[in-house]
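Down below is the structure, laid out as structure tokens.
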Amino acid sequence: MKTFKCNCKENLILFFESSHCLACGRTVGLDDDFDQVEPYELDQKTGLFFKAAEPKVHYKKCDNNARYNVCNSMVNLSTFVPDPNSEEILCFSCQFNETVPDLTIEKHIPLWKKMETAKRRALYTLKALSVPLKTTKQDPENGLSFDFITDRDVNDHFTTPLKGQAPVFTGHNCGHITINLAEADDVARSQTKMAMGERYRTLLGHFRHELGHYYFDQLIFNFPKKHALCKEYFGDDQLDYQEALDTHYKNGAPANWHQHFISEYATMHPYEDWAETWAHYMHIIDTLETAKNFSFTGSTSGSEADKEDPEKLNLPQDSFYFYAQTSITDILDKWMEFSIILNSLNRSMGLPDAYPFVLTQSVRTKLSFIHHAIHNRINLLPPLTNNKAS
Numbered sequence: 001m002k003t004f005k006c007n008c009k010e011n012l013i014l015f016f017e018s019s020h021c022l023a024c025g026r027t028v029g030l031d032d033d034f035d036q037v038e039p040y041e042l043d044q045k046t047g048l049f050f051k052a053a054e055p056k057v058h059y060k061k062c063d064n065n066a067r068y069n070v071c072n073s074m075v076n077l078s079t080f081v082p083d084p085n086s087e088e089i090l091c092f093s094c095q096f097n098e099t100v101p102d103l104t105i106e107k108h109i110p111l112w113k114k115m116e117t118a119k120r121r122a123l124y125t126l127k128a129l130s131v132p133l134k135t136t137k138q139d140p141e142n143g144l145s146f147d148f149i150t151d152r153d154v155n156d157h158f159t160t161p162l163k164g165q166a167p168v169f170t171g172h173n174c175g176h177i178t179i180n181l182a183e184a185d186d187v188a189r190s191q192t193k194m195a196m197g198e199r200y201r202t203l204l205g206h207f208r209h210e211l212g213h214y215y216f217d218q219l220i221f222n223f224p225k226k227h228a229l230c231k232e233y234f235g236d237d238q239l240d241y242q243e244a245l246d247t248h249y250k251n252g253a254p255a256n257w258h259q260h261f262i263s264e265y266a267t268m269h270p271y272e273d274w275a276e277t278w279a280h281y282m283h284i285i286d287t288l289e290t291a292k293n294f295s296f297t298g299s300t301s302g303s304e305a306d307k308e309d310p311e312k313l314n315l316p317q318d319s320f321y322f323y324a325q326t327s328i329t330d331i332l333d334k335w336m337e338f339s340i341i342l343n344s345l346n347r348s349m350g351l352p353d354a355y356p357f358v359l360t361q362s363v364r365t366k367l368s369f370i371h372h373a374i375h376n377r378i379n380l381l382p383p384l385t386n387n388k389a390s
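Residue numbers (UniProt numbering): 1 to 390.
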């Protein structure tokens, strides 16, 4: 994630989620290009916004920003293409929504805001990577969409089932991702985490995991040669999924799971191994990008051959980890060192480790496959030796 700053005299740092500058009070927002959080001036006569450097280009707040404050995005009216079936003015991110929570229930709105915040961050990373990223309106066959719904009562932290509501399961189906609103409730999510014996469960993690399933279809499944190679790394995904699911919840993960998998859930089926590994890759590059932009990445232990110079490669300094030219070996070496710093900082605050995972050689090999698949450079993968999926 880049570092953003207001252009006021205090030059205050703006977060990706910021909606106003704490120093000058101006409206700030995420622009339609989805790569910059910056201040906007308000034209009192028209009610429209503009950037000081481009006074003739008009913006409006995304409707979900203006009406519900669940979004901080701005819409460039000169490039906005209206939906002929809707009068809504929605930003890049909100156009991916197919179903939002029942907004007649007031307590749903702050939880929906958490959902949107996590979704925007997940989409930001994907857009920076230049992987396919279109709505179902743009691409009915291969587009991406989201449902944010629930089957339980928000008033008791999603314990009581709602009458007449079918069960809602977080998951992916042919480009359509459903996330239960309960995942945005800290109490409900913590209870599920404890019940399932998980070390890590976050809303952003859910988005990245389910998006991993979507990108398996987009980058791997429909390409026979890539799919065949993927099976060498993650195992045969033609194994019966329901049978694997039943076996996992009956017997749990193998005793030696940590030697070959990033998490216990990844052991359930090759599809889940891919999705879990994909999510961790996204966590790693986004966090390293943030650390780099704050000039806080720690030392580097990678070989000299792996220590690429972004200036030498003519790459943007603030996007180094999102480029194919960046060595995956260097990325993972930096991450292992930085995660120690990250965990130590958390422990200093009396918090659990931010990243309680170990990257074994088998896991690093799978992360390498993800890296090369994203950048369409699978043909450059080194030979796979003694690292076949278990």
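The C-beta atom is built at its ideal place from N, Cα and C for all residues, glycine as well.
For Asn-293, which residues from the same chain have a beta carbon less than 8 Å from its beta carbon, with the 5 sequence-adjacent residues on both sides left out? The residues are Met-1, Lys-2, Thr-3 and Asp-318.
Within the segment 102-186, note down every full alpha helix (DSSP H) run reaching 4 residues or more, in order along the chain. Complete alpha helix (DSSP H) runs here, min 4: 108-129.
Tyr-265 vs Phe-216 beta-carbon contact at 8 Å: Between Tyr-265 and Phe-216, the C-beta gap is not smaller than 8 Å, which leaves the two residues out of contact.
Closest Cα partner of His-176 within the set Met-196, Val-154, Leu-133 and Arg-152: Of the candidates Met-196, Val-154, Leu-133 and Arg-152, the one whose C-alpha sits nearest the C-alpha of His-176 is Leu-133.
Which of the three DSSP states is assigned to Ser-73 in this structure? In the structure shown, Ser-73 sits in a strand (DSSP, three-state: E or B).
Neighbour-count burial assignment, Pro-82, 16 or more Cβ in a 10 Å radius: By the neighbour-count rule (16 or more Cβ atoms within 10 Å), Pro-82 is not buried but exposed.
Do you know how far the Cα of His-157 is from the Cα of Ala-253? One C-alpha to the other measures close to 29 Å.
Determine the direct distance from the alpha carbon of Lys-163 to that of Ile-89, and round the result to whole angstroms. Separation of Ile-89 and Lys-163 (C-alpha to C-alpha, rounded to the nearest whole angstrom) is 33 Å.
Alpha carbon of Thr-27 to alpha carbon of Leu-288, nearest angstrom: Thr-27 and Leu-288 have their C-alpha atoms some 28 Å from each other.
For a quick check, are the C-beta atoms of Val-70 and Tyr-59 less than 8 Å apart? Taking 8 Å as the Cβ cut-off, Val-70 and Tyr-59 do not qualify as a contacting pair.
Exposure of Leu-30, with buried meaning 16 or more beta-carbon neighbours within 10 Å: It counts as buried.
Measuring only the C-alpha atoms, how far is Phe-80 from Ala-122? Distance between the alpha carbons of Phe-80 and Ala-122: 22 Å.
Would you please state the rounded distance, in angstroms, between the beta carbons of His-227 and Phe-221? I believe it to be under 8 Å. At roughly 6 Å, the Cβ-Cβ gap stays under 8 Å, so His-227 and Phe-221 are in contact.
Check whether the Cβ atoms of Asp-151 and Gln-165 lie closer than 8 Å to each other. In contact: Asp-151 and Gln-165 (Cβ atoms closer than 8 Å).
Residues near Tyr-355 in its chain [Cβ-Cβ closer than 7 Å; skip 5 each side]: Residues Ser-339, Leu-342 and Asn-343 of the same chain have their beta carbon placed closer than 7 Å to that of Tyr-355, with the five preceding and five following residues left out of the count.
Evaluate contact between the segment 40-52 and the segment 102-119, counting only Cβ atoms and requiring at least three cross-stretch pairs below 8 Å. In short, these stretches do not touch, since the Cβ pair count stays below three.
Coarse secondary structure for Gly-29, derived from DSSP in three states: Residue state, collapsed to three classes: strand.
Pro-383 versus Trp-274: straight-line alpha-carbon distance, rounded: Spanning the two alpha carbons is a distance of roughly 19 Å.
Hey, quick one: how far does the alpha helix (DSSP H) through Leu-229 stretch, first residue to last? Where Leu-229 is concerned, the enclosing alpha helix (DSSP H) stretches over 224-234.
Member of Ser-145, His-260, Met-336 and Leu-144 whose CA lies at the smallest distance from the CA of Thr-365: Closest by alpha carbon: His-260.
Measure the CB-CB distance between Trp-278 and Arg-208 and report whether it falls below 8 Å. Judged by beta-carbon spacing, Arg-208 lies within the 8 Å limit of Trp-278, meaning their Cβ atoms are closer than that value.
Classify Pro-82 as helix, strand or coil using the three-state DSSP reduction. Taken through DSSP and simplified to helix, strand or coil, Pro-82 comes out as coil.
Arg-199, buried or exposed, once every other Cβ within 10 Å from all chains shown has been counted against 16: Note on Arg-199: under 16 other CB atoms within 10 angstroms of its CB, so exposed under the neighbour-count rule.
Over what stretch of residues does the beta strand (DSSP E) that includes Val-57 continue unbroken? For Val-57, the uninterrupted beta strand (DSSP E) run begins and ends at 54-61, by DSSP.
What residue range is occupied by the uninterrupted beta strand (DSSP E) comprising Pro-39? From DSSP, the beta strand (DSSP E) with Pro-39 extends over 37-42.
Determine the burial state of Leu-42: buried for a count of at least 16 other Cβ atoms within 10 Å of its Cβ, exposed for fewer. Exposed is the call here.
Helix, strand or coil for Pro-310, going by three-state DSSP, please let me know. With a pLDDT of only 47 at Pro-310, under the threshold of 50, the placement of this residue in the model should not be trusted; the figure read from the coordinates follows. Three-state result, Pro-310: coil.
If I'm right that Asn-64 touches Pro-39 with Cβ under 8 Å, what's the distance once you round it to whole angstroms? Separation of the CB atoms of Asn-64 and Pro-39 is rounded to 20 Å, and the pair is thereby denied contact status at 8 Å.
Near Cys-174, what residues of its chain come up, given a Cβ to Cβ distance below 8 Å and the 5 sequence neighbours on each side ignored? For Cys-174, where only same-chain residues beyond five positions count, the Cβ hits under 8 Å are Asp-217.
Closest to Lys-9 by C-alpha separation, out of Phe-16, Ala-23 and Asn-72, would be which residue? Comparing Cα positions, the closest option is Ala-23.
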